[in-house]
Amino acid sequence: GGAAIELRFQLGEADAEGPASVLAQEAGFAPVFQQVDGVRIHLAAGSDVLVDEVLAVDRDDDEIRVRVELELEEAERQARLDLDLLVSGSAVFAGGGDLVLRRGQTATTEVELEAVPAGVQVDDDVRTLDALGDTVQLFGTVVFATGDPIPDAGLQWTALDPEVLQVSSGGLATAAGEGTGRARGSFQEFSGTVAVEVAPVVVRVEVTPSAARVEPGETLQMEASALDRLDNPLPSPSVSWQSSAPDTATVDEFGVVTGRRPGPVTISATAEGESGSVDVEVDAVPPSVEALDALSVESGSARIRASVNPRGLPTQVRFRYGTDASLSDAGVSSPIARPDEITFSNVGLNIEGLSSNTTYYYRAEAESDAGSAEGEIRSFTTPIPLDPPSTPFVNWRAGQVELGWEAATVEGITFAVERGMVADGSPPASYSQVGTTSSLTFQDTPPEVGETWAYRVRTCQGPNCSDPSPADSTYVPRDVLYGFVTNQSGEPVPFASIFVGSSGEENFTSATTDGSGYYEIIADFNSSFDFLPTGTWFYDASASDGFAFGDFQVTSSPFIYQLDMVLDPSFPSER
Numbered sequence: 126g127g128a129a130i131e132l133r134f135q136l137g138e139a140d141a142e143g144p145a146s147v148l149a150q151e152a153g154f155a156p157v158f159q160q161v162d163g164v165r166i167h168l169a170a171g172s173d174v175l176v177d178e179v180l181a182v183d184r185d186d187d188e189i190r191v192r193v194e195l196e197l198e199e200a201e202r203q204a205r206l207d208l209d210l211l212v213s214g215s216a217v218f219a220g221g222g223d224l225v226l227r228r229g230q231t232a233t234t235e236v237e238l239e240a241v242p243a244g245v246q247v248d249d250d251v252r253t254l255d256a257l258g259d260t261v262q263l264f265g266t267v268v269f270a271t272g273d274p275i276p277d278a279g280l281q282w283t284a285l286d287p288e289v290l291q292v293s294s295g296g297l298a299t300a301a302g303e304g305t306g307r308a309r310g311s312f313q314e315f316s317g318t319v320a321v322e323v324a325p326v327v328v329r330v331e332v333t334p335s336a337a338r339v340e341p342g343e344t345l346q347m348e349a350s351a352l353d354r355l356d357n358p359l360p361s362p363s364v365s366w367q368s369s370a371p372d373t374a375t376v377d378e379f380g381v382v383t384g385r386r387p388g389p390v391t392i393s394a395t396a397e398g399e400s401g402s403v404d405v406e407v408d409a410v411p412p413s414v415e416a417l418d419a420l421s422v423e424s425g426s427a428r429i430r431a432s433v434n435p436r437g438l439p440t441q442v443r444f445r446y447g448t449d450a451s452l453s454d455a456g457v458s459s460p461i462a463r464p465d466e467i468t469f470s471n472v473g474l475n476i477e478g479l480s481s482n483t484t485y486y487y488r489a490e491a492e493s494d495a496g497s498a499e500g501e502i503r504s505f506t507t508p509i510p511l512d513p514p515s516t517p518f519v520n521w522r523a524g525q526v527e528l529g530w531e532a533a534t535v536e537g538i539t540f541a542v543e544r545g546m547v548a549d550g551s552p553p554a555s556y557s558q559v560g561t562t563s564s565l566t567f568q569d570t571p572p573e574v575g576e577t578w579a580y581r582v583r584t585c586q587g588p589n590c591s592d593p594s595p596a597d598s599t600y601v602p603r604d605v606l607y608g609f610v611t612n613q614s615g616e617p618v619p620f621a622s623i624f625v626g627s628s629g630e631e632n633f634t635s636a637t638t639d640g641s642g643y644y645e646i647i648a649d650f651n652s653s654f655d656f657l658p659t660g661t662w663f664y665d666a667s668a669s670d671g672f673a674f675g676d677f678q679v680t681s682s683p684f685i686y687q688l689d690m691v692l693d694p695s696f697p698s699e700r
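The structure is reproduced here in structure tokens:
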């Protein structure tokens with residue numbers, strides 16, 4: 126009860142007759158087919174494996190024959206045949222098909238064989254593209270286990286670095302950005318990777334705008350584009366700038382052109398050894414002039430000013446001034462020369478012999494080879510002559526400095542009071558203004574006690590002030606707090622009156638205290654002192670520096686037995 130299968134493989138036409146499997150392909154398969162030295166056969170009927178073995182082959186030129194005999198219990202049985210053609214144990218072709226096995230007969234079937242890939246080979250030489258948008262075709266092959274290429278087995282390509290290299294499915298790579306771009310070629314589970322270096326080369330530099338004009342002192346932004354072989358602008362090239370005539374126009378590292386004086390100039394940009402340039406014309410324009418506020422306006426003089434931009438050419442500046450608002454009666458000053466600058470700078474003229482309390486009008490005029498310009502008309506008013514006040518009288522009274530002076534008072538006149546500290550008997554090194562008033566008196570509280578302060582006064586009309594008056598000074602004492610007076614019985618004695626001065630000072634006896642608390646002072650009067658109960662008694666407290674602080678206290682009272690005082694604990698004192 127046997128059956129047989131006869132297999133015949135050959136290179137030939139697809140419609141060849143007979144129990145054969147025909148590899149209907151071009152001759153590209155022949156080198157591999159010629160190397161086949163075995164066949165792996167797997168024959169199964171349902172779950173029953175009838176044959177599973179590797180057989181040697183009989184070769185007759187371009188044909189391979191294999192015969193398999195097997196026992197078959199049934200008269201007929203459906204089976205599935207799978208086979209591999211081997212070279213040194215590795216499959217190079219594979220196929221399969223269904224057939225019917227009959228006892229006593231040789232079964233025939235047609236099996237379509239397909240090439241079995243074993244890997245992918247790609248050209249791993251690094252290619253270089255020198256321009257964005259440039260292309261290169263990538264190549265790779267699918268190979269048998271023998272290393273021979275499989276005809277018509279194309280790779281599917283993808284980009285791994287699309288920002289640098291874009292790749293079509295057919296392997297056409299396009300440069301997209303500077304750097305190294307990778308691409309992968311795949312076939313089934315096999316793949317290979319190639320690298321392409323994108324290194325754009327600058328072949329020319331384009332500067333824009335292509336032609337330009339600029340005025341002295343004005344700026345113009347230039348742009349430089351570094352281009353590759355395909356005129357693609359290259360990102361972030363290092364560009365250096367140069368002016369053919371820096372005296373006419375300069376250019377900085379960012380391509381900003383500044384006009385300096387009239388004339389032509391060429392601005393160049395260089396990147397990676399390639400240069401481009403553009404011609405720039407610096408136009409001749411008249412100067413610019415603006416009148417400024419007058420300074421140092423006195424009753425008979427003033428300084429008039431203007432701001433002038435020569436715009437790159439030597440310029441003459443004149444002032445026209447007078448008392449008529451239209452300047453019809455104006456005089457003209459001598460010219461003031463200005464160099465060929467391109468920025469505004471101030472120029473001034475001192476004028477003398479003016480009338481007080483008079484409004485004057487003035488205008489600045491500038492002229493160069495490119496033309497002339499006039500500023501707007503401005504004005505100022507000379508003040509009435511101001512005399513300083515008399516020397517102020519200065520006194521310390523009731524915790525503040527009181528000042529008074531003599532001066533003529535008219536409408537619009539004010540007085541500025543200035544204060545300075547007297548150090549070691551020397552006049553103040555400087556004065557500061559402490560206030561203004563329209564009256565002839567002023568009160569001030571100095572910032573420090575125990576110092577001598579000098580005061581002086583100026584007469585002012587608006588912003589104009591006279592010279593300062595002579596100064597007068599006063600010592601500002603520290604505060605001393607007095608307590609109360611008691612009689613022999615310890616009862617408080619009311620004050621009858623308070624005097625300012627030093628009357629009776631020679632009759633005091635002194636006792637040193639530590640500067641605080643209550644103290645009993647027993648007076649030891651001499652025979653010439655009248656100490657009748659109805660007498661007038663003076664007392665005070667003084668600091669150890671010898672100056673009297675506070676006013677003298679006086680009382681007309683019964684006989685004084687003791688004086689109690691409270692002194693400022695911050696300062697040592699004596700009675």
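Going left to right, the sequence shown walks through residues 126 to 700 as this note's numbering numbers them.
Yeah, the Cβ is synthetic: ideal placement off N, Cα and C, and Gly gets one too.
I think residue i touches residue j, with their Cβ atoms under 8 angstroms apart; what is that distance to the nearest whole Å?
i, j, result
"GLN291", "VAL268", "That belief does not hold up - the Cβ atoms of GLN291 and VAL268 are roughly 27 angstroms apart, past 8 angstroms."
"ARG354", "ASP372", "That pair is no contact at about 38 angstroms."
"LEU238", "ALA232", "Actually they are not in contact, since the Cβ atoms of LEU238 and ALA232 sit about 18 angstroms apart, beyond 8 angstroms."
"LEU125", "GLY296", "In this structure the chain extends from 126 to 700, so residue 125 is not present and cannot be described."
"VAL442", "TRP521", "Rounded, the Cβ-Cβ distance is 56 angstroms, inconsistent with contact."
"PHE312", "ALA278", "6 angstroms"
"SER541", "CYS585", "Here residue 541 is Ala; the residue named in the question, Ser, does not match the sequence. Sure, about 5 angstroms apart at Cβ, within 8 angstroms."
"SER374", "VAL382", "The question names Ser, but residue 374 in the sequence shown is Ala. About 5 angstroms separates the two Cβ atoms, so the contact holds."
"ALA351", "VAL327", "5 angstroms"
From which residue to which residue does the alpha helix (DSSP H) around residue i run?
i, result
"ALA396", "Run containing ALA396: none in the alpha helix (DSSP H); it sits in the beta strand (DSSP E), 388-396."
"ALA155", "155-158"
Quick one: residues in its chain with C-beta nearer than 7 angstroms to the C-beta of residue i, no 5 flanking neighbours on either side, listed in chain order?
i, result
"GLY500", "VAL414, GLU415, ALA416, ALA431, ARG488, ALA489"
"GLU378", "TRP366"
"SER316", "VAL245, ARG309, GLY310"
Residue i lies in the beta strand (DSSP E); which residues open and close that run?
i, result
"VAL247", "244-247"
"ASN520", "518-522"
"THR562", "557-562"
"GLU288", "GLU288 -> no beta strand (DSSP E), and no H or E assigned at all."
"ARG443", "440-447"
"GLN367", "365-368"
"PHE315", "315-323"
"ASP512", "Per DSSP, ASP512 belongs to no beta strand (DSSP E) and is neither H nor E."
"GLY306", "304-312"
Is residue i helix, strand or coil by DSSP?
i, result
"MET546", "strand"
"GLY221", "strand"
"PHE469", "coil"
"PHE567", "strand"
"GLU196", "strand"
"PRO341", "strand"
"LEU528", "strand"
"PRO358", "strand"
"ALA349", "strand"
"PHE609", "Confidence at PHE609 is low in this model, with a pLDDT of 44, below 50, so its placement is unreliable and no value can be given for it."
"ASN475", "strand"
"ARG228", "coil"
"PRO274", "strand"
"ALA462", "strand"
Output needed for residue i: all residues of its chain with C-beta closer than 8 angstroms, excluding positions within five of it in sequence on either side, in chain order.
i, result
"GLY127", "GLU194, LEU195, GLU196, LEU197, ARG228, GLY229"
"GLN493", "The sequence shown places Ser at residue 493, rather than the Gln named in the question. Same-chain partners within the cutoff: PRO411, PRO412, PRO435, ARG436, LEU438, PRO439, THR440, GLN441."
"ASN357", "ALA256, LEU257, GLY258, PRO325"
"PRO593", "PRO513, GLU543, TYR556, ARG581, VAL582, ARG583"
"PRO242", "VAL267, VAL268, PHE269, ILE275, ALA278, PHE312, GLN313, PHE315"
"VAL330", "ALA349, SER350, ALA351, LEU352, VAL364, ALA394, THR395, ALA396, GLU399, SER400, GLY401"
By Cβ distance, which residues of its chain are closer than 6 angstroms to residue i, with the 5 residues on each side in sequence left out?
i, result
"ARG428", "LEU420, SER421, GLY473, ASN475"
"GLU340", "GLY384, ASP408, VAL410"
"GLU348", "THR333"
"THR266", "GLN246, PRO274"
"ILE130", "VAL193, ALA232"
"GLY153", "PRO276"
"ASN651", "Model confidence at ASN651 stands at a pLDDT of 36, short of 50, so the residue's coordinates are unreliable; what they give is reported in the following sentence. Excluding sequence neighbours, ASN651 sits near nothing in its chain."
Given that a residue counts as buried once 16 or more other Cβ atoms are within 10 Å of its Cβ, and exposed if not, what is residue i?
i, result
"VAL251", "exposed"
"LEU528", "buried"
"PRO508", "buried"
"GLU199", "exposed"
"ASP209", "buried"
"THR731", "The structure shown does not extend to residue 731, since the chain is modelled only from 126 to 700, so the question has no answer here."
"SER622", "Here SER622 scores only 30 on pLDDT, less than 50, and its place in the model should not be relied on; the value that follows carries that caveat. By the 10 Å Cβ count, SER622 comes out exposed."
Return yes when the C-beta of residue i is under 6 angstroms from any heavy atom of the ligand HEM, and no when it is not.
i, result
"LEU438", "As for the ligand HEM, it is missing from this structure, which has no ligand bound."
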